[in-house]
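S.K.:
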Amino acid sequence: MAPMILGTIFFAVRITAKSMGLGGGWWWDDFTVTIAWALAVVIYSLNASMIHYGFGKDMWNIVPMDNITKAFVRFYAYVLVYKVQISLAKISVCLFLLRIFQFRTFYYITYLMVGLNAAIAIAWVFADAFQCDPVHLAWTGWEKLEPGTCIDFNTSTVINAFVNIAVDFTMVLMPIYEVSKLNMSKSKKLGVALVFAVGLVVMVVAILRVVVLYKNSHWESSTAMLGPVVHWSTIECQVTIVCACLPMTRAVGNRLFPRLIGATTNDSSYPYKATPSGRGGLGGASSGSGNHIAKTVSYSVNYTSSAVRRGSNSSDVELVGVAQGSTKS
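Here it is in structure tokens:
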């Protein structure tokens with residue numbers, strides 16, 4: 029329950045920021061994280077229902093035995109929703125990064141990560157949906173009353189976990205590397221990098237899920253073996269929501285509690301020009317050599333850019349930092 033509450037709180041903060049005109053207006057990162065949060069709620073509900081029907085117990089201690097099938101039906105749905113939710117949350121993070129960093133190479137790599145996360149979701153949803161032949165053996169196979177074949181679910185889960193761990197690590201390194209090149213103090217670089225490094229928590233939870241699966245693999249009862257794995261998977265889904273929404277908390281904090289957060293009129297926030305769609309960021313292709321100050325914005329990091337995209341937007345996004353390269357006035 030606690031991870032679910034925490035994820036919902038951070039999501040509510042993000043929505044509050046949007047209603048306050050922070051964050052550059054609604055864009056695809058907001059839509060995808062909203063769907064991801066809704067799916068996280070579905071995942072939590074499915075997990076609760078599975079537990080109600082005995083998932084996590086030794087299969088032969090579940091009564092009546094019809095509950096075993098009911099639990100596996102929900103587990104089947106859980107796995108499919110989980111794969112979509114995880115990828116959508118990561119896609120949201122990638123789209124958010126496009127609002128901040130718009131250097132050409134970063135732009136292409138980030139869209140590559142969006143495509144990769146989408147491909148991972150599609151591939152594993154397909155694999156899990158048709159893991160058994162006939163399909164219904166996914167929830168009735170425990171009865172061993174009908175011939176058929178199923179893929180090794182544990183092996184598939186481990187492969188998926190390691191693929192996602194590699195993606196998580198890459199997604200954390202991408203913004204941290206860009207921040208390291210910014211012309212700002214080391215303390216500010218560290219502060220901004222730590223915001224993005226929170227994504228490592230998702231990777232840690234994914235690793236713990238694999239460890240739990242390995243330790244429980246000796247169980248002959250699949251309901252007992254998979255119960256703890258589902259528990260950690262549910263936590264992972266909520267953590268992805270927290271990580272996707274975390275950068276907005278500073279923007280809201282600066283607006284509601286400027287003295288507590290440390291925001292002052294002399295803060296090192298620099299204006300930032302957003303595009304009509306609500307996007308904008310560091311880098312991009314526009315002419316001019318000076319710092320083109322368009323308007324004040326608020327997000328998780330602050331910077332000025334020597335080249336900003338054309339366009340206007342009434343929303344403010346507060347960012348921490350300064351432009352890459354030498355500072356110009």
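In my numbering, the protein residues as written are 29 to 357.
Where is the CB? At the ideal position from N, CA and C, for every residue including glycine.
In the DSSP assignment, the alpha helix (DSSP H) including residue 92 goes from what residue to what residue?
M.R.: Indexing the sequence shown from 1 puts residue 92 at position 64. It is not in any alpha helix (DSSP H) - residue 92 carries neither H nor E in the DSSP assignment.
S.K.: Can you tell which of 267, 251, 272 and 264 has the C-alpha that lies nearest to the C-alpha of residue 89?
M.R.: One-based indexing of the sequence shown puts residue 89 at position 61. When each option's Cα is compared against that of residue 89, the closest is 251.
S.K.: Let's test the definition: count the other Cβ atoms within 10 Å of the Cβ of residue 120 and tell me whether it reaches 16, buried, or not, exposed.
M.R.: Locating residue 120 in the sequence shown gives position 92, where the first residue counts as 1. That one is buried.
S.K.: Shortest alpha-carbon distance to residue 129 belongs to which of 105, 239, 265 and 202?
M.R.: As a position in the sequence shown, residue 129 is number 101, starting the count at 1. When each option's Cα is compared against that of residue 129, the closest is 202.
S.K.: With a 10 Å radius around its C-beta and 16 neighbouring C-beta atoms as the bar for buried, classify residue 179 as buried or exposed.
M.R.: Looking up residue 179 in the sequence shown gives position 151. It is exposed - the Cβ of residue 179 has fewer than 16 other Cβ atoms within 10 Å.
S.K.: Can you find a heavy atom of the ligand MN that lies under 6 Å from the Cβ of residue 37?
M.R.: Questions concerning the ligand MN fall outside what the structure shown contains, since it holds no ligand whatsoever.
S.K.: Closest to residue 66 by CA distance: which of 32, 146 and 103 is it?
M.R.: As a first step, residue 66 must be located in the sequence shown, where it is residue number 38. Residue 66 has its Cα closest to that of 32, out of 32, 146 and 103.
S.K.: Which residue's Cα is closest to the Cα of residue 187: 234, 45 and 57?
M.R.: Translated into the one-based positions of the sequence shown, residue 187 becomes position 159. Looking at the Cα atoms, 234 is the closest of the given residues.
S.K.: With DSSP as the reference, label residue 159 as helix, strand or coil.
M.R.: Here the question's residue 159 lines up with position 131 in the sequence shown. Three-state DSSP puts residue 159 in coil, outside helix and strand.
S.K.: For residue 135, which option in 145, 123 and 144 has the closest C-alpha, if you only look at C-alpha atoms?
M.R.: Counting from 1 along the sequence shown, the entry for residue 135 is found at position 107. With distances taken between Cα atoms, residue 135 lies closest to 123.
S.K.: Under a Cβ-count criterion, where at least 16 other Cβ atoms within 10 Å of its own Cβ denotes burial, should residue 308 be classed as buried or exposed?
M.R.: Taking the first residue of the sequence shown as 1, we reach residue 308 at position 280. Confidence is the limiting factor: at residue 308 the pLDDT is only 49, short of 50, which leaves the residue's position unreliable, though a coordinate-based value still follows. With 16 or more other Cβ atoms within 10 Å, it is buried.
S.K.: Report buried or exposed for residue 311, applying the criterion of at least 16 other Cβ atoms within 10 angstroms of its Cβ.
M.R.: In the sequence shown, residue 311 corresponds to position 283, counting from 1. In this prediction, residue 311 scores a pLDDT of 47, lower than 50, which makes its location untrustworthy; no coordinate-derived value is stated.
S.K.: Is it a yes or a no for the stretch 65 to 83 touching the stretch 253 to 266, going by three-plus beta-carbon pairs under 8 Å?
M.R.: Verdict: yes, contact present.
S.K.: Among 36, 82, 219 and 70, which residue has its Cα nearest to the Cα of residue 253?
M.R.: Taking the first residue of the sequence shown as 1, we reach residue 253 at position 225. Comparing Cα-Cα distances from residue 253 to each of 36, 82, 219 and 70, the minimum goes to 82.
S.K.: Could you work out which residue in 231, 176 and 204 is closest to residue 266 when comparing CA atoms only?
M.R.: Along the sequence shown, read from residue 1 onward, the residue named residue 266 stands at position 238. It is 231.
S.K.: For residue 62, tell me which candidate among 80, 50 and 42 has the shortest Cα-Cα distance.
M.R.: Taking the sequence shown and counting its residues from 1, one reaches residue 62 at position 34. Closest option to residue 62, Cα to Cα, is 42.
S.K.: Can you grab the Cα-Cα spacing for the pair residue 256 / residue 160, in whole Å?
M.R.: Translated into positions along the sequence shown, residue 256 becomes position 228. Translated into positions along the sequence shown, residue 160 becomes position 132. Whole-angstrom Cα-Cα distance: 23 Å.
S.K.: Have a look at 114, 224, 84 and 39 and flag the residue whose alpha-carbon is nearest the alpha-carbon of residue 192.
M.R.: Here residue 192 is taken as the residue at index 164 of the sequence shown, counted from 1. Out of 114, 224, 84 and 39, 114 has the C-alpha closest to the C-alpha of residue 192.
S.K.: CA-CA distance, residue 87 and residue 272?
M.R.: Counting from 1 along the sequence shown, the entry for residue 87 is found at position 59. Counting from 1 along the sequence shown, the entry for residue 272 is found at position 244. About 37 Å.
S.K.: Quick one: using the 10 Å Cβ neighbour count with 16 as the cut-off for buried, is residue 110 buried or exposed?
M.R.: Here the question's residue 110 lines up with position 82 in the sequence shown. Buried, because 16 or more other Cβ atoms sit within 10 Å of the Cβ of residue 110.
S.K.: Between which two residues does the alpha helix (DSSP H) harbouring residue 246 extend?
M.R.: Within the sequence shown, the letter at position 218 stands for residue 246. Segment: none, residue 246 is in no alpha helix (DSSP H) and carries neither H nor E.
S.K.: Since residue 85 sits in a beta bridge, which residues does DSSP pair it with?
M.R.: Within the sequence shown, residue 85 is the residue found at index 57, counting from 1. Answer is 83.
S.K.: Return the Cβ separation of residue 280 and residue 44 in integer angstroms, given the expectation that the two are a contact with Cβ distance under 8 Å.
M.R.: Mapped onto the sequence shown, residue 280 falls at position 252. Mapped onto the sequence shown, residue 44 falls at position 16. With a Cβ gap of about 6 Å, residue 280 and residue 44 count as contacting.
S.K.: Go through the stretch 166 to 251 residue by residue and report every complete run of the alpha helix (DSSP H) that reaches 4 residues or more, in order.
M.R.: Whole alpha helix (DSSP H) segments, 4+ residues: 181 to 208, 214 to 225 and 228 to 244.
S.K.: Do residue 167 and residue 60 have their beta-carbon atoms positioned less than 7 Å apart in this structure?
M.R.: Taking the sequence shown and counting its residues from 1, one reaches residue 60 at position 32. Taking the sequence shown and counting its residues from 1, one reaches residue 167 at position 139. Going by C-beta atoms, residue 60 is not nearer than 7 Å to residue 167.
S.K.: Between residue 208 and residue 29, what straight-line distance do the alpha-carbon atoms span, to the nearest angstrom?
M.R.: Taking the sequence shown and counting its residues from 1, one reaches residue 208 at position 180. Taking the sequence shown and counting its residues from 1, one reaches residue 29 at position 1. Rounded to whole angstroms, residue 208 to residue 29 spans 37 Å at the Cα level.
S.K.: Assign residue 34 to one of three DSSP states: helix, strand, or coil.
M.R.: As a position in the sequence shown, residue 34 is number 6, starting the count at 1. Three-state result, residue 34: helix.
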